[in-house]
Amino acid sequence: MIETAVVIFREGLEAFLVIAIMLAFVTNTGRYNLRKPIFSGIVVAAAISITTGWHVANLAQEPVWEGSLALIAGALVATFTVYIMKTAKNIRGDIHQRMEKTAAQDGALAEIGIFIFTILMVAREGMETALMLGAISGQKEAAPMWIGALVGAALVGLIAYIWTTQSRKINLKLFLQVTGVFLVIFSVHLFFYGLHELSEMNLIPLIGEDANINFHIWSEFIETPLVSNLMSLGLIIVPSLWLLSAYAKDKFSKHSAPLNAAE
Numbered sequence: 006m007i008e009t010a011v012v013i014f015r016e017g018l019e020a021f022l023v024i025a026i027m028l029a030f031v032t033n034t035g036r037y038n039l040r041k042p043i044f045s046g047i048v049v050a051a052a053i054s055i056t057t058g059w060h061v062a063n064l065a066q067e068p069v070w071e072g073s074l075a076l077i078a079g080a081l082v083a084t085f086t087v088y089i090m091k092t093a094k095n096i097r098g099d100i101h102q103r104m105e106k107t108a109a110q111d112g113a114l115a116e117i118g119i120f121i122f123t124i125l126m127v128a129r130e131g132m133e134t135a136l137m138l139g140a141i142s143g144q145k146e147a148a149p150m151w152i153g154a155l156v157g158a159a160l161v162g163l164i165a166y167i168w169t170t171q172s173r174k175i176n177l178k179l180f181l182q183v184t185g186v187f188l189v190i191f192s193v194h195l196f197f198y199g200l201h202e203l204s205e206m207n208l209i210p211l212i213g214e215d216a217n218i219n220f221h222i223w224s225e226f227i228e229t230p231l232v233s234n235l236m237s238l239g240l241i242i243v244p245s246l247w248l249l250s251a252y253a254k255d256k257f258s259k260h261s262a263p264l265n266a267a268e
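Residue numbering for the sequence shown is 6 to 268, as defined by the working numbering.
And the structure:
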């Protein structure tokens with residue numbers, strides 16, 4: 006449940022922030038004709054993501070696909086997450102720059118360009134969600150996943166409200182870094198789970214049957230209750246420690262600034 010809630014929360018909120026930045030650009034530049042292609046792009050992106058999630062969940066019922074999808078999801082999500090963590094402070098400027106270039110085209114070309122850009126930006130978050138949750142759906146019960154999804158969606162709504170009313174109080178870069186730590190940890194877990202599933206069928210290439218068997222035996226600990234509980238705790242504790250350290254660093258820098266100025 007925790008994994009599902011945080012995945013929905015992180016990816017849903019990132020999608021919301023992207024949409025909010027795009028709509029703010031439209032409002033600030035007076036290009037209100039671009040609202041319709043943005044909302045249309047959101048609908049199409051949501052449909053693509055839901056369809057992908059459904060297909061991934063069905064594929065994950067097959068052991069071979071379950072392991073393969075876990076590997077793919079782990080590698081892709083970790084890569085994208087690290088990239089976003091590094092570029093979070095520039096995300097607003099990057100989106101505005103791309104929209105300005107696209108919107109500068111003549112007539113319908115501008116609307117089509119914004120429509121496609123919206124699909125790509127929003128569907129990226131949806132596809133990550135579909136891959137991660139679809140890959141683990143074979144090993145999780147449906148009820149806890151649905152509860153986690155509802156909790157995550159509720160948190161997105163709460164933060165979205167705070168963002169629209171008090172956006173200056175939200176440190177976007179820090180938020181994306183903290184939730185990104187969770188996704189990196191979760192991605193590593195997915196990657197090892199994928200290897201564990203493939204080794205059961207001797208499908209890890211280049212290492213031979215004996216090595217597959219030995220790896221599968223060694224990695225059995227991944228599915229033990231102890232490791233599962235530690236994983237859940239880690240998903241909460243590690244990002245929390247990251248947040249506290251960043252908060253302390255920020256406070257220290259603000260406190261030391263007047264002292265340095267006095268010198």
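Beta carbons: idealized from backbone N, C-alpha and C, even for Gly.
Bear in mind the structure is a predicted one, so any value in this text is a computation, not a measurement.
Open item on the list: Tell me the residue span of the alpha helix (DSSP H) that contains residue 10.
Closed with: One-based indexing of the sequence shown puts residue 10 at position 5. Looking at the DSSP string, the run of the alpha helix (DSSP H) that includes residue 10 is 7-34.
Task: Spatially closest choice to residue 124 from 158, 47, 166, by CA coordinates - done: To locate residue 124, count along the sequence shown from 1; it is residue 119. Selected option, being the one with the closest Cα: 47.
Task: Start-to-end residues for the alpha helix (DSSP H) that takes in residue 71 - done: Residue 71 sits at position 66 when you count from the first residue of the sequence shown. Here the alpha helix (DSSP H) through residue 71 covers 68-92.
TODO: Kindly indicate which three-state DSSP category residue 215 falls into: helix, strand or coil?
DONE: Residue numbering aside, residue 215 sits at position 210 when the sequence shown is read from its first letter. In the structure shown, residue 215 sits in a helix (DSSP, three-state: H, G or I).
Open item on the list: If you measure between the beta carbons of residue 187 and residue 79, is that distance less than 8 Å?
Closed with: Walking along the sequence shown from the start, residue 187 turns up at place 182. Walking along the sequence shown from the start, residue 79 turns up at place 74. Their beta carbons are not under 8 Å apart, which means residue 187 does not touch residue 79 by this criterion.
Open item on the list: Can you tell me where the alpha helix (DSSP H) holding residue 113 begins and where it ends?
Closed with: Your numbering for residue 113 matches position 108 in the sequence shown. That run of the alpha helix (DSSP H) goes 112-141.
Task: residue 112 classed as buried or exposed, judged by whether at least 16 other C-beta atoms fall within 10 angstroms - done: Looking up residue 112 in the sequence shown gives position 107. Exposed, because fewer than 16 other Cβ atoms sit within 10 Å of the Cβ of residue 112.
TODO: Please list, in chain order, all residues of the same chain as residue 64 whose beta carbon is under 7 Å from its beta carbon, the five residues on each side excluded.
DONE: Counting from 1 along the sequence shown, the entry for residue 64 is found at position 59. Answer for residue 64: 70, 74, listed in chain order.
Open item on the list: As a quick exercise: from 146, 20, 119, pick the residue whose alpha carbon is nearest that of residue 43.
Closed with: Residue 43 sits at position 38 when you count from the first residue of the sequence shown. Of 146, 20, 119, the residue nearest in Cα terms is 119.
Task: residue 88 burial status per 10 Å Cβ neighbour count (16 or more: buried) - done: Numbered from its first residue, the sequence shown carries residue 88 at position 83. With fewer than 16 other Cβ atoms within 10 Å, it is exposed.
TODO: Please report the Cβ distance between residue 137 and residue 23, rounded to the nearest whole angstrom; I am assuming they are in contact, meaning their Cβ atoms lie under 8 Å.
DONE: In the sequence shown, counting from the first residue as 1, residue 137 sits at position 132. In the sequence shown, counting from the first residue as 1, residue 23 sits at position 18. The Cβ separation is near 18 Å, so there is no contact.
Open item on the list: For residue 220 and residue 207, what's the separation of their Cα atoms in angstroms?
Closed with: Within the sequence shown, the letter at position 215 stands for residue 220. Within the sequence shown, the letter at position 202 stands for residue 207. Their backbone Cα atoms lie some 10 Å apart in a straight line.
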